[in-house]
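Protein sequences appear in the order of chains Y, V and H. Heads up, the first sequence is in this note's numbering, so the first residue is 1 and it goes up one at a time. Heads up, the second sequence is in this note's numbering, so the first residue is 1 and it goes up one at a time. Heads up, the third sequence is in this note's numbering, so the first residue is 1 and it goes up one at a time.
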Amino acid sequence: MTHSFRLIASFTLCLICASTSYAVETPDEMLPNPILEAKAQSLGQQLRCLVCQNETIEDSSAPLARDLRHIVRQQLQQGHSPAEIKRWMTQHYGEFIHLKPSFSGVTIFLWLTPLLSLTLAYLLARPLWRRPAHIAEPLSEKEKLRLHNLIKKN
Amino acid sequence: MASSTLFFTHLSIFFSPEVGHFALALACALALLQALLPSLGLWLCRTDPAHGPSSQSPLLQFAKPLTYSHALALLLAWSCLITAALGDDFSLRLIAETSATSKPWPYKIAGLWGNHEGSLLLWVTLLSLWSSLLATVPHQSLHRPTNIPARLQTRLIALLGYISAGFLLFCLTTSNPFLRLWPVPLEGMGMNPLLQDPGLALHPPLLYSGYVGFAVPLAFAISALLEGRADALWAHFMRPWVISAWSLLTLGIALGSWWSYAVLGWGGYWFWDPVENAALIPWLTGTALLHSVIVTEKRSTLLLWCILLAIATFSLSLSGTFLVRSGILNSVHAFANDPARGVFILTLLALFTGGSLLLFAARSHKITSPSFGAFHLFSREGTILVNNMLLCTLCAVILTGTMYPPFMQLLFGRTLSVGKPFFDATTIPLALPLLAIIGIGITLPWRYAPPARTWRRLTPALLITLGNAVPAFWLFPSPLAGLSALFALWVITSSVIDLARRLHALPSGLRSYLRLPRSLYAACCAHIGVGITILGICGMATTQERIIEATAGTHISLAGQDWCLDRLTPQHGPNFEAIEARITVRSAPRSANIITILHPQIRIFPAQNQRTLHVAITHRLFGDLYAVLGSVKNDHNQYSAILRLHYNPLASWIWLGGIIMACGGAISLRPRIPFRIRRKQPV
Amino acid sequence: MTLNRRHLLTLLPLIGATGLGLGFARMLQGLTTGRFDPHAINNPLTHYAVPHFAPLSGLTSSSTPQDLSIPGFSYEELTTANQPILLNIWASWCLPCVEELPFLTNLAHRHTLPGAPPLTLWGMAYKDTPANAERILQRYGQPFQRLGIDDDGTTAIEWGVTGVPESFLILPGGRIVWHTSSSLTEDLYQTELLPLLHSAS
Numbered sequence: 001m002t003h004s005f006r007l008i009a010s011f012t013l014c015l016i017c018a019s020t021s022y023a024v025e026t027p028d029e030m031l032p033n034p035i036l037e038a039k040a041q042s043l044g045q046q047l048r049c050l051v052c053q054n055e056t057i058e059d060s061s062a063p064l065a066r067d068l069r070h071i072v073r074q075q076l077q078q079g080h081s082p083a084e085i086k087r088w089m090t091q092h093y094g095e096f097i098h099l100k101p102s103f104s105g106v107t108i109f110l111w112l113t114p115l116l117s118l119t120l121a122y123l124l125a126r127p128l129w130r131r132p133a134h135i136a137e138p139l140s141e142k143e144k145l146r147l148h149n150l151i152k153k154n
Numbered sequence: 001m002a003s004s005t006l007f008f009t010h011l012s013i014f015f016s017p018e019v020g021h022f023a024l025a026l027a028c029a030l031a032l033l034q035a036l037l038p039s040l041g042l043w044l045c046r047t048d049p050a051h052g053p054s055s056q057s058p059l060l061q062f063a064k065p066l067t068y069s070h071a072l073a074l075l076l077a078w079s080c081l082i083t084a085a086l087g088d089d090f091s092l093r094l095i096a097e098t099s100a101t102s103k104p105w106p107y108k109i110a111g112l113w114g115n116h117e118g119s120l121l122l123w124v125t126l127l128s129l130w131s132s133l134l135a136t137v138p139h140q141s142l143h144r145p146t147n148i149p150a151r152l153q154t155r156l157i158a159l160l161g162y163i164s165a166g167f168l169l170f171c172l173t174t175s176n177p178f179l180r181l182w183p184v185p186l187e188g189m190g191m192n193p194l195l196q197d198p199g200l201a202l203h204p205p206l207l208y209s210g211y212v213g214f215a216v217p218l219a220f221a222i223s224a225l226l227e228g229r230a231d232a233l234w235a236h237f238m239r240p241w242v243i244s245a246w247s248l249l250t251l252g253i254a255l256g257s258w259w260s261y262a263v264l265g266w267g268g269y270w271f272w273d274p275v276e277n278a279a280l281i282p283w284l285t286g287t288a289l290l291h292s293v294i295v296t297e298k299r300s301t302l303l304l305w306c307i308l309l310a311i312a313t314f315s316l317s318l319s320g321t322f323l324v325r326s327g328i329l330n331s332v333h334a335f336a337n338d339p340a341r342g343v344f345i346l347t348l349l350a351l352f353t354g355g356s357l358l359l360f361a362a363r364s365h366k367i368t369s370p371s372f373g374a375f376h377l378f379s380r381e382g383t384i385l386v387n388n389m390l391l392c393t394l395c396a397v398i399l400t401g402t403m404y405p406p407f408m409q410l411l412f413g414r415t416l417s418v419g420k421p422f423f424d425a426t427t428i429p430l431a432l433p434l435l436a437i438i439g440i441g442i443t444l445p446w447r448y449a450p451p452a453r454t455w456r457r458l459t460p461a462l463l464i465t466l467g468n469a470v471p472a473f474w475l476f477p478s479p480l481a482g483l484s485a486l487f488a489l490w491v492i493t494s495s496v497i498d499l500a501r502r503l504h505a506l507p508s509g510l511r512s513y514l515r516l517p518r519s520l521y522a523a524c525c526a527h528i529g530v531g532i533t534i535l536g537i538c539g540m541a542t543t544q545e546r547i548i549e550a551t552a553g554t555h556i557s558l559a560g561q562d563w564c565l566d567r568l569t570p571q572h573g574p575n576f577e578a579i580e581a582r583i584t585v586r587s588a589p590r591s592a593n594i595i596t597i598l599h600p601q602i603r604i605f606p607a608q609n610q611r612t613l614h615v616a617i618t619h620r621l622f623g624d625l626y627a628v629l630g631s632v633k634n635d636h637n638q639y640s641a642i643l644r645l646h647y648n649p650l651a652s653w654i655w656l657g658g659i660i661m662a663c664g665g666a667i668s669l670r671p672r673i674p675f676r677i678r679r680k681q682p683v
Numbered sequence: 001m002t003l004n005r006r007h008l009l010t011l012l013p014l015i016g017a018t019g020l021g022l023g024f025a026r027m028l029q030g031l032t033t034g035r036f037d038p039h040a041i042n043n044p045l046t047h048y049a050v051p052h053f054a055p056l057s058g059l060t061s062s063s064t065p066q067d068l069s070i071p072g073f074s075y076e077e078l079t080t081a082n083q084p085i086l087l088n089i090w091a092s093w094c095l096p097c098v099e100e101l102p103f104l105t106n107l108a109h110r111h112t113l114p115g116a117p118p119l120t121l122w123g124m125a126y127k128d129t130p131a132n133a134e135r136i137l138q139r140y141g142q143p144f145q146r147l148g149i150d151d152d153g154t155t156a157i158e159w160g161v162t163g164v165p166e167s168f169l170i171l172p173g174g175r176i177v178w179h180t181s182s183s184l185t186e187d188l189y190q191t192e193l194l195p196l197l198h199s200a201s
């Protein structure tokens, strides 16, 4: 019962998220340096909000997303690289936080899907293509001569 | 109580929920008969199918009347539901949970399909309407030798009856919209204000008509497997149904995307949410089916592929619509989840999809199509085949991406996410070659074209596209957007030039232009639509955005325009209170040339205790002006607002392209022009 | 009938669909029993050491109107404890957390009885004020031996907390062995927590 209650609570939360959601809520949250701010936004758009799970931390108005946006900007100002910040996020929240999963043993099939699927499609469609044998080859000298003789006879 | 409400309360004497419930049960029984009687009839006279109408079982005569009465019963159920909704009958659970007296009346009706029970009823009703439409087509006779054969039509009606009966049973047992509530509440709980939008009111009927419409191609596929025979004629009869379902699905998806752009206020139009993917996946297989059916009709090849695609499209739209509601997928579009319903849905899915695929495995060897070695790369059908491969790969990628997280959690206990950055990285490299091949394929003839001629035909479009390379990369700051825009331009120019070439070859005059097969116009139109949508997507990638705290009189410069917050005023709506900002956009500060005035609002709905942001948008051809009022602060009687302003270049092209694509479908469905036939008669 | 390559190929879609269908069936079953939650997030700290965090202040009689006094705790105190600790992260503004309190109180009492495996409950109030935390604890039960007030939520971020309530089981030595992001229930306690406690003692 309490479990389902938590679920309901989280659904209501998401509804609230959906209704009042917007990126960076106040302008003073943004970094004064536009290059760093752009970096922060592009990084934030690759991180999943852990409360409103179908939004990025950049889009979500959940308090935790706001905290994480703040952390991203703080760390960028301290001179950390986006890769380091992503590693920090993985250490704290696991692979769940990345909207683009890293290439690993678990995600190998996911990342190979385009290749596998194209190969399968190619193998299935291969017999359909017209083979070179179907296109008439040019006549050999011997055949040309024979044809010439036949026409002559007529 | 308003007099209109009173009128509907009186009307409910005739159209009471109990009548509706009865109508639903009646519809279920009729659907079952619609499935069983013709099936029995077809089985009884299976031995001598070659003989004429004399050998037909009388049971077959029941098919059409049963279809019509089944649809009528469902329409009666809807009348009862609508009467209850307009009469504010909160003794119905559905209405108490989704409606309120203060809601405007169009949303009282639209709110009926904004929830699980009502949308399921809509789903089965649309299916019954599609079946009725199929039944109204006059079958083959001496006067109409080219129409659909009676046996095929009856079989299709029976097959659709099975699907209807299954879902009506589901509706009656687990999701009955006519359940009463005790004690009766005085006021309903109201609908989520976000859903009170004309776009979203129309979105489910359109989308569902598309989804459900693919049941007809499925019936064609099953019928072909049962008979063990399929040919070009079979594809010819199936094609209009595929095209109409596809067009409606296209419109439905476009409308849904527009809604999320215009109402949610996130400034985005596609979020790769499971619900959105659930609509996109059948759209992709449907597109593949649409093109394959044309190949089958022309060349009698790819029969099995068409059958498989027809099964896949309907199964995917079915699983997409319903698995979203079972709570398995983690989506923002939260329906009230109920695992008991999920089990029923899964059983139905297993019956329909599993049954079809089992039939496919067992009977497909009976259907022979001379496909082997029939395709040349430099031909219309060759390029269609390549694009089929790309479309199916796209579909596989999106399907895997959507289903990967729950399956990894189930199998390995790992929680991970697959979102927009993944889909962007995988789908764009597949979509670009797709666009390139559309541009080539549309100019190619059937069977074979020598590479030299192909090259000659493509040169003008290629030159125009390359000539626009510099402006494209200059206009679109991101190289990927610029490149995609070039591909879109390539599709458009190639389609237009090809049509122009064909028209040029004819003697001039409207009459001769109309003699050109309408499929050419349709293809040109639909592909231009694709190009326009892609251009819109590229434009949206270069969106400009500013978030700013402003007081009355603040000037903000964005995208070369001057946006000025004039004032903040309170407003009253029918069921909400609002704070409205007035933003005037001018081409320059203090210029007399006012581009537009935007009125974004913060709306507070007391019934739901919910706050929504009402976005203000001015759609313009080359870019939308988009304003969101985030919040309002009161600092010592000095009001200040947090505004988010966007300039979205080419945004409206995304949905315009969708409408043009659907128009392409409509053109190919246009009834034959009579004089075309008359002209042929003297010959 | 002999099975040739073509038959196998036409069986492929059925096999794929069956696989998906069985997966869905398992997920639906898991949804009803609570074993499968699509919103679940694995905490990466599970099976690893306690993260470093700044000392948390507790409830002192000076900081609150009534005189309920619970000491706070620090990283060192948590890692050098000689009993398994159930760290419950909660908040006075979170309804499921408050609902959980009577059960936690009952649990704390159960483990003081002789024969029960040792366990102490520590709490961390997430984005909360001492006054609010105290009011709720006095009304609904007070299971915690230590209570840290994480007023701005920074400590919870160190722990990778995604929502309240969450619970961690920490064995002596400071190793996290178990984590849940749902409310603790008798069922969860019996099936998951108790076996771990028995094997630890």
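Yeah, the Cβ is synthetic: ideal placement off N, Cα and C, and Gly gets one too.
Neighbourhood of V:Leu-11 by C-beta, 8 Å cutoff - its chain only, sequence neighbours within 5 removed: Counted from its first residue, the second sequence places residue 11 of chain V at position 11. Cβ within range, chain order: Thr-83 and Gly-87.
Any 3 or more C-beta pairs closer than 8 Å across the stretch 443-463 of chain V and the stretch 395-402 of chain V: They do not touch, by the three-pair rule.
C-alpha gap between Y:Gln-46 and V:Thr-285, whole angstroms: In the first sequence, counting from the first residue as 1, residue 46 of chain Y sits at position 46. In the second sequence, counting from the first residue as 1, residue 285 of chain V sits at position 285. Going from the Cα of Y:Gln-46 to the Cα of V:Thr-285 covers about 29 Å.
Residue-chain proximity (H:Gly-23, chain V), Cβ-Cβ < 8 Å: Residue 23 of chain H sits at position 23 when you count from the first residue of the third sequence. Interface criterion met: the Cβ of H:Gly-23 is under 8 Å from a Cβ in chain V.
Spatial neighbours of V:Cys-663 in its chain, beta-carbon cut-off 6 Å, leaving aside the 5 residues before and after: The residue labelled residue 663 of chain V in the question sits at position 663 within the second sequence. The answer, listed in chain order, is Cys-525.
Span separating the alpha-carbon of V:Leu-358 from that of V:Ile-654: Residue 358 of chain V sits at position 358 when you count from the first residue of the second sequence. Residue 654 of chain V sits at position 654 when you count from the first residue of the second sequence. Straight-line Cα distance between these residues: approximately 39 Å.
3-residue-minimum beta strand (DSSP E) runs that sit fully inside the stretch 336-419 of chain V, ordered along the chain: As summarised for the stretch 336-419 of chain V, there are no continuous beta strand (DSSP E) elements at least 3 residues long confined to that stretch.
Neighbour flag for Y:Phe-96 against chain H, beta carbons, 8 Å: The residue you call residue 96 of chain Y lines up with position 96 of the first sequence. Chain H, which has a Cβ nearer than 8 Å to the Cβ of Y:Phe-96, makes this yes.
Contact under 8 Å by Cβ, V:Ile-556 with V:Ile-548: As a working note, residue 556 of chain V is residue 556 in the second sequence. As a working note, residue 548 of chain V is residue 548 in the second sequence. One thing to note: V:Ile-556 has its Cβ within 8 Å of the Cβ of V:Ile-548.
CB contact check: V:His-376 to chain Y, cutoff 8 Å: Stepping through the second sequence from its first residue, residue 376 of chain V is reached at position 376. Taking Cβ atoms only, chain Y reaches closer than 8 Å to V:His-376, which makes this a yes.
V:Arg-239 versus V:Tyr-626 - alpha carbon distance: Along the second sequence, read from residue 1 onward, the residue named residue 239 of chain V stands at position 239. Along the second sequence, read from residue 1 onward, the residue named residue 626 of chain V stands at position 626. Pairing V:Arg-239 with V:Tyr-626, the inter-Cα distance amounts to about 41 Å.
Residue closest to V:Pro-17, alpha-carbon to alpha-carbon, out of V:Ala-73, V:Ile-583 and V:Ala-77: On the second sequence, position 17 is the one that residue 17 of chain V refers to. The shortest C-alpha separation from V:Pro-17 is found at V:Ala-77.
Three-state secondary structure assigned by DSSP to V:Cys-538: Position 538 of the second sequence holds residue 538 of chain V. Note: V:Cys-538 maps to helix in three-state DSSP.
Stretch pair the stretch 181-189 of chain V + the stretch 209-217 of chain V: three plus CB contacts closer than 8 Å: Contact fails: fewer than three Cβ-Cβ distances are below 8 Å.
Which of helix, strand or coil DSSP assigns to H:Gly-115: Taking the first residue of the third sequence as position 1, residue 115 of chain H is located at position 115. H:Gly-115 falls in the coil class under three-state DSSP.
Length of the line joining the Cα atoms of H:Leu-188 and Y:Phe-109: Here residue 188 of chain H refers to the residue found at position 188 when the third sequence is read from its first residue. Here residue 109 of chain Y refers to the residue found at position 109 when the first sequence is read from its first residue. Straight across, the Cα-Cα distance linking H:Leu-188 with Y:Phe-109 is about 33 Å.
Cβ-based burial, V:Asn-277 [other Cβ within 10 Å; buried from 16]: On the second sequence, position 277 is the one that residue 277 of chain V refers to. The residue is buried, with at least 16 neighbouring Cβ atoms inside 10 Å.
Which of helix, strand or coil DSSP assigns to V:Glu-227: Indexing the second sequence from 1 puts residue 227 of chain V at position 227. V:Glu-227 falls in the helix class under three-state DSSP.
CB contact check: Y:Ser-117 to chain V, cutoff 8 Å: Stepping through the first sequence from its first residue, residue 117 of chain Y is reached at position 117. Output row for Y:Ser-117: interface = yes.
Under 8 Å between C-beta atoms of V:Leu-348 and V:Gly-166: Your numbering for residue 348 of chain V matches position 348 in the second sequence. Your numbering for residue 166 of chain V matches position 166 in the second sequence. Going by C-beta atoms, V:Leu-348 is nearer than 8 Å to V:Gly-166.
Spatial neighbours of Y:Arg-87 in its chain, beta-carbon cut-off 6 Å, leaving aside the 5 residues before and after: Counting from 1 along the first sequence, the entry for residue 87 of chain Y is found at position 87. Nothing meets the Cβ criterion.
Cβ shell of Y:Ala-23 (< 7 Å), same chain only, five flanking positions each side left out: Taking the first sequence and counting its residues from 1, one reaches residue 23 of chain Y at position 23. Summary for Y:Ala-23: the model assigns pLDDT 45, below 50, so the residue's position carries little reliability, and this model does not support an answer.
Identified DSSP bridge partners for V:Lys-633: Here residue 633 of chain V refers to the residue found at position 633 of the second sequence. Answer is V:Ser-640.
Helix, strand or coil at V:Glu-549 [DSSP, three-state]: Residue mapping note: residue 549 of chain V aligns to position 549 of the second sequence, counting from 1. In this structure, V:Glu-549 counts as strand in the three-state DSSP scheme.
Environment of V:Phe-14 [buried if 16+ CB atoms lie within 10 Å]: Within the second sequence, the letter at position 14 stands for residue 14 of chain V. Taking all protein chains shown into account, V:Phe-14 has fewer than 16 neighbouring C-beta atoms within 10 Å of its C-beta and is therefore exposed.
Beta-carbon proximity of V:Leu-568 to V:Ile-583, cut-off 8 Å: Translated into positions along the second sequence, residue 568 of chain V becomes position 568. Translated into positions along the second sequence, residue 583 of chain V becomes position 583. Contact flag unset, no.
Whole-angstrom C-beta distance between H:Leu-22 and V:Ile-328, which should lie under 8 Å: Residue mapping note: residue 328 of chain V aligns to position 328 of the second sequence, counting from 1. Residue mapping note: residue 22 of chain H aligns to position 22 of the third sequence, counting from 1. About 13 Å separates the two Cβ atoms, so there is no contact after all.
8 Å Cβ cutoff, Y:Pro-114 in contact with chain V: Numbered from its first residue, the first sequence carries residue 114 of chain Y at position 114. Under the 8 Å criterion on CB atoms, Y:Pro-114 is classed as interfacial with respect to chain V.
Three-state secondary structure (DSSP) of V:Trp-305: Numbered from its first residue, the second sequence carries residue 305 of chain V at position 305. For V:Trp-305, the secondary structure class from DSSP, reduced to helix, strand or coil, is helix.
Cα-Cα separation, V:Ser-652 to H:Glu-186: Locating residue 652 of chain V in the second sequence gives position 652, counting from the first residue. Locating residue 186 of chain H in the third sequence gives position 186, counting from the first residue. Roughly 55 Å separates the two Cα atoms.
Sequence-distant residues of its chain with Cβ nearer than 8 Å to V:Glu-577 (five each side left out): Within the second sequence, numbered from 1, the residue matching residue 577 of chain V stands at position 577. Answer for V:Glu-577: Pro-570, Gln-571, Arg-603, Ile-604 and Pro-606, listed in chain order.
Three-state class that DSSP yields for V:Arg-611 in the structure shown: Translated into positions along the second sequence, residue 611 of chain V becomes position 611. The three-state secondary structure of V:Arg-611, taken from DSSP, is strand.
Where the beta strand (DSSP E) containing H:Val-177 begins and where it ends: On the third sequence, position 177 is the one that residue 177 of chain H refers to. Start and end: 175-180.
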